Amino acid sequence: MEARQRWTPEPDGRGTMSLVWSCLSTLFICLWATLHLNIPGEDESAAIYLRRKLKWTFLSAIAPELVSTMAVAQWWSAHYSAKYMRDVGYAQWTPLHCFYANMGGIRINIEGCTGESRGITISRHKCPPREIADSEEIIKLIRAGVLPAQPLVTEKAIEDKSKADNFVKTIACMQALWLIAQCIGRAIQRLPISTLELSSVAYVIYALSNYLFWWKKPLDVVVPTSVDVVCTPAHHYSLQDMGFRRMSLLGGKFMKSFLGDKNYKPLSRIPNDYPGDLRAHFATIPMVVCCVVFGGIHCIAWNFSFPSRVEKIFWHVACILSIFIPLLISLILYLFVWMNKLRRRPEGFPRTPAFVKDKAARFMESRRSGSFDTLAILTGIAFTFIYCIARLYLLLEIFISLRSLPVGTYETVRWSKFLPHIM
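So the sequence shown is residues 1 to 423, counted in our numbering.
Printed below as a string of structure tokens:
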């Protein structure tokens with residue numbers, strides 16, 4: 001007779017592989033489901049878009065603070081644009097419309113792009129037949145009479161284009177809450193928490209915060225809305241001025257824009273790291289906050305048990321560098337902005353001592369000679385390199401430390417097995 005058994009609970013304890021796969025699966029699902037990319041280029045295939053999303057998912061895993069900065073910047077830009085449109089009388093434009101425009105959702109099809117407008121020659125080789133316009137450029141086109149004041153696409157049409165998968169997002173949220181609840185439960189029961197679990201919680205917090213900032217941003221839209229425009233000499237706005245001379249958060253253009261270089265080349269699509277209307281020195285604020293929070297969460301493991309004393313010391317140093325290097329870089333950048341503004345104050349300004357203004361003038365003179373720009377770039381590269389080394393160590397140590405963990409790490413929280421989760 002075949003042996004049979006009644007309802008049997010899960011065995012107590014867990015193994016190293018179950019610990020690793022539960023954290024990695026939660027990370028991948030959360031990072032993938034919460035990532036909202038901009039619309040791809042007109043000639044880009046689905047494979048290119050998939051590869052780009054995998055690249056940004058990988059970037060979210062190695063540098064979550066950059067992706068979170070991107071989410072905050074895009075949220076701020078969309079709401080700022082919507083508020084500005086309301087202030088100038090275009091109240092029908094909502095943050096959803098501005099999100100859609102800033103992600104490349106409005107494509108202007110230009111016809112009859114010849115002639116002169118207020119002495120500005122508009123030639124077809126300078127004015128491409130198809131162009132992507134963000135909310136800032138749409139405002140200029142509306143004021144020039146090229147586009148109507150009402151939104152170019154309805155909210156329902158935008159939501160219909162969005163491929164929001166509520167099932168995947170529900171699973172991602174369930175996995176995230178399960179991981180956070182498990183770590184809280186382990187702390188309550190005084191069970192050891194691995195650095196892998198702690199780091200995974202930090203990533204999950206970033207992923208959920210990104211999801212909140214991208215709440216109104218459409219997901220996985222691949223085809224923009226086309227708007228036909230007829231260019232006539234009566235327009236007071238030169239369509240040849242359209243085109244993306246954009247600031248990139250992840251490239252050298254970010255530092256160049258901070259130093260005053262505005263010569264950006266036109267792009268065929270809006271890059272995913274484009275911060276919109278957010279200026280360079282304001283974009284550093286969410287970036288620094290994200291870096292400090294990420295390093296601060298890892299400081300929770302300050303008194304954790306590590307396989308060796310050297311690894312514990314390195315962890316302490318890496319956490320400190322992850323917190324203070326971004327603060328130091330932002331301090332240097334804002335010092336430059338302050339000195340630049342100080343120099344421009346009128347003579348006899350009561351709150352500006354003469355010797356301070358003289359120092360500011362000498363400072364700006366060194367910048368004009370190119371010495372400050374070189375020093376700023378080299379200093380930024382050096383600090384960024386040190387920061388990357390510190391972050392790389394934190395990333396590697398969470399896996400290296402798995403070779404020797406406290407015995408209590410493999411004990412499970414009694415009630416966590418009853419919470420729905422994948423692994």
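Don't be surprised by glycine CBs; every beta carbon is placed ideally from N, CA and C.
What you are looking at is a predicted structure, and each value in this text was computed from that prediction instead of being measured.
* To which residues of the same chain is Val-292 closer than 6 Å at the C-beta, ignoring the five residues directly before and after it? -> Ile-323
* Sort out for me which residues DSSP pairs Ile-108 with in a bridge. => Glu-131, Val-227
* Going by beta carbon distance, what residues of the same chain come within less than 6 Å of Trp-75, once the five residues before and after it are set aside? -> Phe-213
* Any idea what DSSP makes of Asp-261, helix, strand or coil? -> Only weak support is given to the placement of Asp-261: the predicted model assigns it a pLDDT of 47, under 50, and the value that follows is read from those uncertain coordinates. In the structure shown, Asp-261 sits in coil (DSSP, three-state: anything other than H, G, I, E or B).
* Asked: Smallest Cα separation from Leu-375: which of Phe-336, Gln-92, Ser-194, Ile-106?
  -> Phe-336
* Asked: Are the Cβ atoms of Val-413 and Gln-182 separated by less than 7 Å?
  -> yes
* **Cα-Cα separation, Val-407 to His-97** => 54 Å
* How many Å lie between Met-103 and Thr-170 at the Cα? -> 24 Å
* Leu-96 Cβ short of 6 Å to the ligand MG heavy atom set -> You won't find the ligand MG in this model; it holds no ligand whatsoever.
* Asked: For the alpha helix (DSSP H) that Lys-161 lies in, which residues bound it at each end?
  -> 155-161
* Asked: From Glu-397, Leu-327, Tyr-410, pick the residue whose C-alpha is nearest to that of Leu-196; which is it?
  -> Glu-397
* Could you check the C-alpha separation between Met-70 and Ser-401 for me, to the nearest Å? => 31 Å
* Asked: Distance, Cα to Cα, Ser-18 vs Gly-185?
  -> 18 Å
* **Straight-line Cα distance separating Ala-61 from Leu-392** => 11 Å
* Asked: Can you tell which of Leu-395, Gly-380, Ala-73 has the C-alpha that lies nearest to the C-alpha of Asn-210?
  -> Ala-73
* Asked: Span of the alpha helix (DSSP H) holding Arg-190?
  -> Segment: none, Arg-190 is in no alpha helix (DSSP H) and carries neither H nor E.
* Assumed close pair Ala-101, Asp-134 - CB separation to whole angstroms, cut-off 8 Å -> 5 Å
* Asked: Going by the CB atoms, is the gap between Leu-50 and Ala-207 shorter than 7 Å?
  -> no
* Asked: What residue does the alpha helix (DSSP H) around Ile-270 start on, and which one ends it?
  -> Taken as a continuous stretch (DSSP letters only), Ile-270 belongs to no alpha helix (DSSP H), as it is neither H nor E.
* **Among His-79, Phe-304, Ala-47, nearest to Leu-191 - alpha-carbon criterion** => Phe-304
* To do: Name the two residues that bound the continuous alpha helix (DSSP H) containing Ala-78.
  => 64-87
* If you follow the alpha helix (DSSP H) that Ile-205 is part of, which residue opens it and which one closes it? -> 195-213
* Starting from the Cα of Ala-176, find the closest Cα among Ser-22, Glu-136, Gly-15, Met-287 and give me that residue. => Ser-22
* Asked: In whole angstroms, what is the alpha-carbon distance linking His-79 and Leu-147?
  -> 21 Å
* To do: Return the chain-ordered list of same chain residues with a C-beta closer than 8 Å to the C-beta of Val-201, the five sequence neighbours on each side being excluded.
  => Leu-179, Ile-180, Cys-183, Ile-297
* Asked: Out of curiosity, what's the CA-to-CA distance linking Trp-415 and Gln-189?
  -> 11 Å
* Could you spell out the range, first to last residue, of the alpha helix (DSSP H) harbouring His-97? => 95-102
* Cβ neighbours of Ile-108 in the same chain (closer than 6 Å, five flanking residues each side left out) -> Glu-131, Ala-133, Val-227, Val-229
* To do: Find out if the Cβ-Cβ distance for the pair Pro-151, Trp-93 is shorter than 7 Å.
  => yes
* To do: For Ile-142, collect the residues of the same chain with a Cβ closer than 8 Å to its Cβ; drop the 5 residues on either side in sequence, then sort them by chain order.
  => Tyr-90, Pro-148, Ala-149
* Asked: Closest to Gly-380 by CA distance: which of Arg-403, Ile-332, Ile-389 is it?
  -> Ile-332
* **Close-in-space but distant-in-sequence residues of the same chain around Ile-325 (CB under 7 Å, 5 per side omitted)** => Phe-383, Ile-386, Tyr-387
* Measure the alpha-carbon distance for Glu-155 versus Ile-205 and round it to whole angstroms. => 29 Å
* To do: Take Tyr-410 as the anchor and find which of Arg-14, Ile-39, Lys-161, Ser-25 has the nearest alpha-carbon.
  => Arg-14
* In angstroms, rounded to a whole number, what distance separates the CA positions of Asp-220 and Ser-68? -> 18 Å
* Asked: For Pro-95, which residues of its own chain have a beta-carbon under 6 Å away from its beta-carbon, when the five flanking residues on both sides are left out?
  -> Ala-78, His-79, Ala-82, Lys-216
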